[in-house]
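Read through the structure below, which is laid out as C-alpha cells, and then see the notes.
Protein chains: 2
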Amino acid sequence: MSANPSPSTPPNQVFIGTFIHSRALDELEYLHNTAVFVEGATGTIIAIERDCDHTRTLDETFNRLGWSAAECKIYDTTSPTRSNNTSSTSIQNESGSSLPTQPPPPPPPPVRFFFPGFIDTHIHASQYPNAGIFGKSTLLDWLNTYTFPLEASLGRDHAKARRVYARCVGRTLAHGTTCAAYFATVDVAATNLLVDLCLARGQRALVGRVCMDEPSTCPPWYRDEDAAQGLARTRECVAHARRADPAGKLVRPIVTPRFAPSCTAQSMRALGDLAREERLPVQTHVSENRGEIELVSDLFPAEAGGGRGYAGVYDAFGLLTEQTILAHAVHLSEGEAKLLADRGTKVSHCPCSNSAITSGAARVRWLLEQGVDIGLGTDVSGGYSPSVLDAARQAALVSRHVAMGGDEKAKLSVEEVLHLATRGGARCVGLEGVVGGFEVGMQWDAQLVALGGVGEDGEGTEGNVDVFGWESWEEMVAKWLFNGDDRNTTKVWVKGRLVHERRS
Amino acid sequence: MSANPSPSTPPNQVFIGTFIHSRALDELEYLHNTAVFVEGATGTIIAIERDCDHTRTLDETFNRLGWSAAECKIYDTTSPTRSNNTSSTSIQNESGSSLPTQPPPPPPPPVRFFFPGFIDTHIHASQYPNAGIFGKSTLLDWLNTYTFPLEASLGRDHAKARRVYARCVGRTLAHGTTCAAYFATVDVAATNLLVDLCLARGQRALVGRVCMDEPSTCPPWYRDEDAAQGLARTRECVAHARRADPAGKLVRPIVTPRFAPSCTAQSMRALGDLAREERLPVQTHVSENRGEIELVSDLFPAEAGGGRGYAGVYDAFGLLTEQTILAHAVHLSEGEAKLLADRGTKVSHCPCSNSAITSGAARVRWLLEQGVDIGLGTDVSGGYSPSVLDAARQAALVSRHVAMGGDEKAKLSVEEVLHLATRGGARCVGLEGVVGGFEVGMQWDAQLVALGGVGEDGEGTEGNVDVFGWESWEEMVAKWLFNGDDRNTTKVWVKGRLVHERRS
Chain S
1 MSANPSPSTP PNQVFIGTFI HSRALDELEY LHNTAVFVEG ATGTIIAIER DCDHTRTLDE
61 TFNRLGWSAA ECKIYDTTSP TRSNNTSSTS IQNESGSSLP TQPPPPPPPP VRFFFPGFID
121 THIHASQYPN AGIFGKSTLL DWLNTYTFPL EASLGRDHAK ARRVYARCVG RTLAHGTTCA
181 AYFATVDVAA TNLLVDLCLA RGQRALVGRV CMDEPSTCPP WYRDEDAAQG LARTRECVAH
241 ARRADPAGKL VRPIVTPRFA PSCTAQSMRA LGDLAREERL PVQTHVSENR GEIELVSDLF
301 PAEAGGGRGY AGVYDAFGLL TEQTILAHAV HLSEGEAKLL ADRGTKVSHC PCSNSAITSG
361 AARVRWLLEQ GVDIGLGTDV SGGYSPSVLD AARQAALVSR HVAMGGDEKA KLSVEEVLHL
421 ATRGGARCVG LEGVVGGFEV GMQWDAQLVA LGGVGEDGEG TEGNVDVFGW ESWEEMVAKW
481 LFNGDDRNTT KVWVKGRLVH ERRS
Chain Z
1 MSANPSPSTP PNQVFIGTFI HSRALDELEY LHNTAVFVEG ATGTIIAIER DCDHTRTLDE
61 TFNRLGWSAA ECKIYDTTSP TRSNNTSSTS IQNESGSSLP TQPPPPPPPP VRFFFPGFID
121 THIHASQYPN AGIFGKSTLL DWLNTYTFPL EASLGRDHAK ARRVYARCVG RTLAHGTTCA
181 AYFATVDVAA TNLLVDLCLA RGQRALVGRV CMDEPSTCPP WYRDEDAAQG LARTRECVAH
241 ARRADPAGKL VRPIVTPRFA PSCTAQSMRA LGDLAREERL PVQTHVSENR GEIELVSDLF
301 PAEAGGGRGY AGVYDAFGLL TEQTILAHAV HLSEGEAKLL ADRGTKVSHC PCSNSAITSG
361 AARVRWLLEQ GVDIGLGTDV SGGYSPSVLD AARQAALVSR HVAMGGDEKA KLSVEEVLHL
421 ATRGGARCVG LEGVVGGFEV GMQWDAQLVA LGGVGEDGEG TEGNVDVFGW ESWEEMVAKW
481 LFNGDDRNTT KVWVKGRLVH ERRS
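First to last, the protein sequences are chains S and Z. Everything in the first sequence is counted per UniProt numbering, starting at 1 for the first residue and increasing by one. Everything in the second sequence is counted per UniProt numbering, starting at 1 for the first residue and increasing by one.
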C-alpha cells in the first residue's frame with residue numbers, strides 16, 4: 001500500500017533501465033539500457049541517453065549538465081533484485097553456521113520497466129465508495145438510486161468526504177494514475193478539500209465542483225438553488241484552487257456542469273462565459289445513454305434541434321472548447337462528432353462504465369477517424385474500477401464487441417489502448433507534450449512496473465502477471481495489460497516526486 | 001502466494017462465521033453466526049448450525065456427533081483480527097519503554113466470509129503461459145499462431161510442462177478454483193503429469209488428453225497420427241488417472257476431442273464409444289466463431305446438414321451426453337440449443353475468451369431459458385485470466401452487451417454469475433449436490449474471503465476491495481465481484497484439506 005512519501009523537493013535524479021512509452025497511436029517505443037535525467041527543482045526530463053554504457057554516459061552527461069553524481073539520486077533498475085517472496089531458506093547447524101537446505105532455485109528476478117503515469121480523464125472521486133455497486137440499473141435510475149444520496153452525504157459530513165477523497169486519491173496513485181480529472185460534489189468545502197488532498201499527496205489533478213440546478217431533474221436536497229448560486233459557488237472553488245496552487249503546476253480548477261439534463265440554460269450559459277473569461281477547462285458528460293439523449297431533446301428543443309443534438313446544446317452555451325472533456329460520447333451522430341472535431345473538444349472513453357450500466361459500446365475507432373482526441377476514463381462509480389489499466393483492458397475488449405457488429409477495424413490493439421491511457425489522456429487534460437511520454441522537456445510523471453518471474457518449480461512472485469522468460473517485450477506488455485494490477489506498479493512519481501511506493 | 005500445505009488427512013474441523021452461497025439462480029443465501037462441521041476423513045459437511053450461540057451449539061453438536069472438541073480444529077472467523085498492514089507504530093523513549101505516537105486509528109478489521117470454491121469448467125492448462133497474448137487474432141489464426149506451438153513444446157520438454165502445469169494449478173488454487181476441467185496437450189506423459197500435480201496439490205480436476213488427428217487442419221508436428229493412435233493414447237491417460245486416483249475422488253479422466261475441425265470422423269466415433277463404454281465425461285468446443293462453424297459444415301456436411309449444425313456433428317458420434325461439457329456455444333441455433341437440452345449436455349460460458357478473440361457474445365439468458373445447464377470457464381488462454389471471479393465479472397458485463405442489442409432481460413445479476421461460478425459449474429462437472437454450496441452431505445470445497453476496511457484517515461488494507469462500513473452484505477459481495485482478486489481469497493480448501501493459504 002501507499003507509503004505516503006514526504007513532500008520535500010527531490011534532488012536531481014537519474015533513472016536507468018528500460019523505458020516504454022507511446023510514440024504514435026499504434027506504436028510503443030522500447031528504450032533499453034537508457035538513462036533519463038530529471039531535474040529536481042522542476043521535475044523536468046532534461047536529458048535522455050539511449051543505448052548507454054552507464055558509467056561513461058553518466059559521467060559525460062553529468063559534466064554537460066553541471067551535476068554532481070554524489071548529490072544525485074540514481075535509480076538503476078538494471079541491477080537484478082530478488083523479490084522478498086523468493087529468498088531461499090537455510091537452517092542453522094549445531095556449530096551455528098548456516099547450511100543450505102537445497103531449496104528449489106528461486107524464481108528469476110522481476111522484469112522491470114518505466115512507463116508514463118496514467119491519465120484518468122473522467123472520475124467522480126465522490127462516488128468512490130460505490131465502486132462495484134450498480135445492480136441492473138441504467139444511467140438515470142442509477143443516479144437517483146446510488147449516486148445522488150452518496151454525493152449529498154459528503155456535503156453534510158466533511159469527515160466522511162475527507163475519508164472518501166483520501167482513499168480515492170491514494171488508490172488511484174497506487175494504480176499509477178499521475179493525473180486525474182475529478183468531479184467532486186455540489187459542496188464547496190468538500191471540493192476544496194479534494195484540491196488540498198491532491199496537492200498534499202502530489203497527484204496532478206483537475207478538480208471540479210459539480211454544477212446542477214435544474215429543479216425538474218435534481219433532488220431538492222442535492223442541487224444549487226439557481227444559476228447564480230451555482231456560478232458563485234463555482235467561483236469560490238476556482239479561487240480556492242488558485243490560492244492553493246497559483247501557477248496551476250499540479251492542481252487546476254475545471255468548470256463542471258454535471259450534464260445538460262441537470263443544468264438550466266442560464267447555468268450553462270454562465271458557466272460557458274466563466275470558462276471563456278477565465279480560460280478555464282470544462283468537463284461534463286455527453287450522449288451516454290439513449291434515455292438521457294431523449295431527455296436532452298425534450299429539455300433543450302431549440303438548442304438540440306436541427307440535427308445539432310446533445311453536443312449542440314453544449315455548443316450553444318459556449319461549453320465546447322479545445323479545453324473541454326466530454327465523457328462517454330457513446331451515441332453521437334456524425335454531425336456531433338464533426339462538431340467536436342471542429343471545436344477541438346476531447347472525449348473521455350469510459351468502457352468499464354459503459355458496459356456496467358449498459359450505456360452502449362462507444363465507437364472509438366470511428367471517433368478517432370472523425371478527428372476527435374480521446375483519452376480513457378475510469379468513470380468511478382459508473383465504472384467499477386479506479387484503475388486506468390483496467391479501463392485500457394476493457395477498451396480493448398469493448399472495441400472487439402464493436403468489431404463483432406461487423407466493423408473488423410474497430411479493434412483496438414494493446415499499443416492503442418496504452419496510447420489512449422497516456423498520450424491521449426494528456427491531450428484531453430491540456431498537457432500534450434508535458435506528460436504522457438519520455439522526452440526531453442516533459443515532466444517526470446512515471447511509474448515503475450515490475451512483472452514477476454516463474455521459477456523452474458512453478459513457484460513465482462506476487463502479482464498476477466507471470467513471465468516465463470521466453471516472451472518478447474511486446475508479449476510482456478500485453479500480459480501486463482490483461483493481467484496486471486496495482487501490485488505491478490511498484491513506484492509512482494509526479495513532477496519528479498515519489499508519490500507512491502508499494503510496501504514489499 | 002501458496003503455502004503448499006501438507007497432504008496429510010486433516011482432523012475434524014468446525015468453521016464459524018458468515019457463509020454465503022447460491023441457493024437458486026438469482027438468490028444468494030447469507031448464513032450469519034453459523035457453524036459448519038466437516039469430517040476430516042471424508043471432507044464432508046456433516047452438520048450446520050445456524051444462528052448459533054457458539055459455545056452452546058458447539059457442545060451440543062460435538063455430543064451429538066461424538067466428536068471431541070480438543071481433537072477438532074476450529075476456525076472462528078468472528079473474532080476480529082487485524083491486518084498485518086495496519087499495526088500502529090510506536091517509538092522508544094530514552095528509558096527504553098515504548099510510547100505511542102498517536103497514530104491514526106487503524107482501519108477496521110476485514111470483513112470475512114466463507115464462499116464455495118469456484119469451478120472452472122473450461123481451461124487449457126497447457127496454454128497458461130500465453131495468458132494475455134492474442135493480438136488481434138480470431139480463433140483459427142490464434143490456434144496456429146499462438147497455441148499449437150506452445151502446446152507442442154510441452155510434449156518435447158517435460159520439465160517445461162511441469163513448470164507450466166505447476167504454475168497453472170498453483171495460480172488457479174490461489175484464485176479460489178477448487179475444481180477445474182483441464183485440457184492438457186496431445187502428449188501422454190505431460191497429461192499424466194498434470195494428473196499427478198492436481199493430486200499432489202489437492203485440486204479437484206477432470207484432466208483430458210487432447211485428441212486431434214485431422215491432417216488438413218492439424219500441423220504434422222502436433223497431432224495424433226490417426227484415430228487408432230489417438231484412441232490408444234487416450235486409453236493410456238485414462239488408465240493413468242485411474243491408477244493415480246482409483247475411486248476418482250479428486251481427479252478423473254475426461255475424453256477430450258479438441259473440436260470437430262481437428263478430429264476425423266473415425267476419431268470422434270471411437271471417442272464417443274469409449275465415453276459410453278467407460279462411462280467417461282467428455283469435453284470439447286462448439287460454435288465459438290463463425291469461421292469455425294463454416295469449417296465444420298464443410299468438413300461434416302452429412303452430420304451437420306439438415307439443420308443439425310455443429311452440435312449435430314458431436315451428436316452423430318455419440319459425444320453429446322449428460323456428462324459432456326461444450327465450451328462457448330456462442331452462435332448456436334435454436335435447434336442446436338434444444339438438442340443440448342434434450343441430451344442434458346452442459347455449456348461452459350467463457351466470456352473473457354469470447355470478447356478477447358472476438359468470437360461473439362454468448363446469449364446466456366437464452367440458453368438458460370432453453371433448459372441448458374451452464375457453468376463458467378476461464379478458457380485460458382483464449383481467455384486472458386485464470387480467475388473464475390474475473391470470468392464471473394465479465395459474464396455480467398458481456399450480458400449487458402447482449403442486452404444493448406435490445407434484450408433487456410439478458411442482463412445477469414451478481415447473484416446469477418456467482419451461481420454459474422459455483423452451482424452451475426458443479427452441474428457441468430457432474431458434481432451437483434457434491435460441491436458448489438454449503439449443505440449437509442456436500443464436500444467442504446470452500447474459500448475464505450476477506451474484504452479490506454478503510455480507516456477514518458482513508459488508509460486501508462491490501463487488496464482492491466474497500467469496505468467503508470455502511471455497505472449491506474449484498475453490496476459487499478458486489479464489490480468483491482467487481483474489484484476482488486486473489487488477495488481477497490485468503491484460504492482455500494478442497495475435500496476439507498487446506499490447499500492454499502495467502503502469506504500475509
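Beta carbons: idealized from backbone N, C-alpha and C, even for Gly.
List the residues of chain Z whose Cβ lies closer than 9 Å to the Cβ of M268 of chain S, in chain order.
Here the premise fails: no neighbours, minimum Cβ distance about 29 Å.
Report the residue from Z:E471, Z:V477, Z:P105 whose alpha carbon sits nearest the alpha carbon of L150 of chain S.
Z:E471
My output table needs one value for P129 of chain S: the three-state DSSP class, helix, strand or coil.
Reduced to three states, the DSSP call for P129 of chain S is helix.
Would you mind reading off the limits of the beta strand (DSSP E) that contains F114 of chain S?
Start and end: 111-116.
Looking at L376 of chain S: is its Cβ nearer than 9 Å to the Cβ of Q394 of chain Z?
Against a cut-off of 9 Å, the Cβ pair of Q394 of chain Z and L376 of chain S comes out as no contact.
Just mark D226 of chain S as buried or exposed, buried being the case when its beta carbon has 16 or more other beta carbons within 10 Å.
Exposed, since its Cβ has fewer than 16 Cβ neighbours within 10 Å.
Suppose only complete runs of 4+ residues qualify. What are the alpha helix (DSSP H) ranges in the region 356-388 of chain Z, listed by chain order?
Scanning the region 356-388 of chain Z from its first residue to its last, the whole alpha helix (DSSP H) runs of 4-plus residues come out as 364-369.
Around the Cβ of H440 of chain S, are there at least 16 other Cβ atoms within 10 angstroms (buried) or fewer (exposed)?
This sequence places Val at residue 440 of chain S; His is not what is there. V440 of chain S should be labelled exposed.
Short of 7 Å Cβ to Cβ, which residues in the region 380-414 of chain Z face chain S?
Y384, S385, L397, R400, H401, A403, M404, K411, S413
Could you give the residue range of the alpha helix (DSSP H) that holds P301 of chain Z?
301-304
Quick one: which chain Z residues come within Cβ less than 8 Å of T358 of chain S?
R400, A403, M404, K411
Based on DSSP bridge pairs, tell me the residues matched to H124 of chain S.
Answer is S:F183.
Mapping DSSP to helix, strand and coil, what is F148 of chain Z?
helix
Of all the residues that make up the region 468-480 of chain S, which are near chain Z by a beta-carbon distance shorter than 7 Å?
Residues of the region 468-480 of chain S with a Cβ closer than 7 Å to any Cβ of chain Z, in chain order: F468, E475, A478, K479.
Hey, quick one: how far does the beta strand (DSSP E) through N33 of chain Z stretch, first residue to last?
DSSP places N33 of chain Z inside the beta strand (DSSP E), whose first and last residues are 27-38.
Starting from the C-beta of I357 of chain Z, find all residues in its chain whose C-beta is less than 7 Å away, skip the five residues before and the five after it, and write them out in chain order.
F134, S137, T138, L139, W142, G382
Helix, strand or coil: how does DSSP classify A41 of chain Z here?
coil
Comparing C-alpha positions only, which one of S:E236, S:C218, S:Y222 sits nearest to N192 of chain S?
S:E236
Cα separation between L194 of chain S and A200 of chain S?
10 Å
Considering only residues of the same chain and omitting the five flanking positions on each side of R487 of chain Z, which have a CB-CB separation below 6 Å?
If we look at R487 of chain Z and ignore the five residues flanking it on each side, its Cβ neighbours are E462, G463.
So T234 of chain Z packs on L274 of chain Z, CB below 8 Å; how close in whole Å?
7 Å
Among residues of its own chain, excluding the 5 on either side of T324 of chain S, which ones have a beta-carbon nearer than 6 Å to its beta-carbon?
Its chain contains V282, T345 as the residues whose beta carbon lies nearer than 6 Å to that of T324 of chain S, once the 5 sequence neighbours on both sides are disregarded; these appear in chain order.
Could you name the residues that DSSP lists as bridge partners for K73 of chain Z?
Z:Q13
Using CA atoms only, rank isn't needed, just tell me which of S:A205, S:Q266, S:R252 is closest to A228 of chain S.
S:Q266
Please check the pair E278 of chain Z and V238 of chain Z, which I expect to be a contact at CB under 8 Å, by giving their CB distance rounded to whole angstroms.
Rounded, the Cβ-Cβ distance is 7 Å, consistent with contact.
Using alpha carbons as the reference points, say which of Z:Y314, Z:F183, Z:P301 lies closest to T256 of chain Z.
Z:F183
For A426 of chain Z, which residues in chain S fall below 8 Å Cβ to Cβ?
Listed along chain S is no residue with a C-beta nearer than 8 Å to that of A426 of chain Z; the closest approach is about 25 Å.
List, in order along the chain, the chain S residues whose C-beta lies closer than 7 Å to that of I133 of chain Z?
E475, A478, K479
With which residues is E277 of chain S paired in a DSSP beta bridge?
Answer is none; E277 of chain S lacks a bridge partner.
Note down, one range per segment and in chain order, each beta strand (DSSP E) of at least 3 residues found wholly within the region 455-495 of chain S.
The qualifying runs are 489-494.
Are the CB atoms of N483 of chain S and D457 of chain S within a distance shorter than 9 Å?
no
Please tell me whether G272 of chain Z and G305 of chain Z are closer than 9 Å, where the distance is taken between their beta carbons.
no
Kindly confirm or deny that the region 412-426 of chain S and the region 45-58 of chain S touch, where touching means at least three C-beta pairs closer than 8 Å.
no
Is the shortest distance between the beta-carbon of S355 of chain S and the beta-carbons of chain Z less than 9 Å?
yes
Pull up the distance between the alpha-carbon of P100 of chain Z and that of G453 of chain Z, whole angstroms please.
In this prediction, P100 of chain Z has a pLDDT of 46, which is less than 50 and means its spatial position is unreliable; what the coordinates show is noted afterwards. One C-alpha to the other measures close to 23 Å.
State the DSSP-derived secondary structure class of L451 of chain S, mapped to helix, strand or coil.
strand
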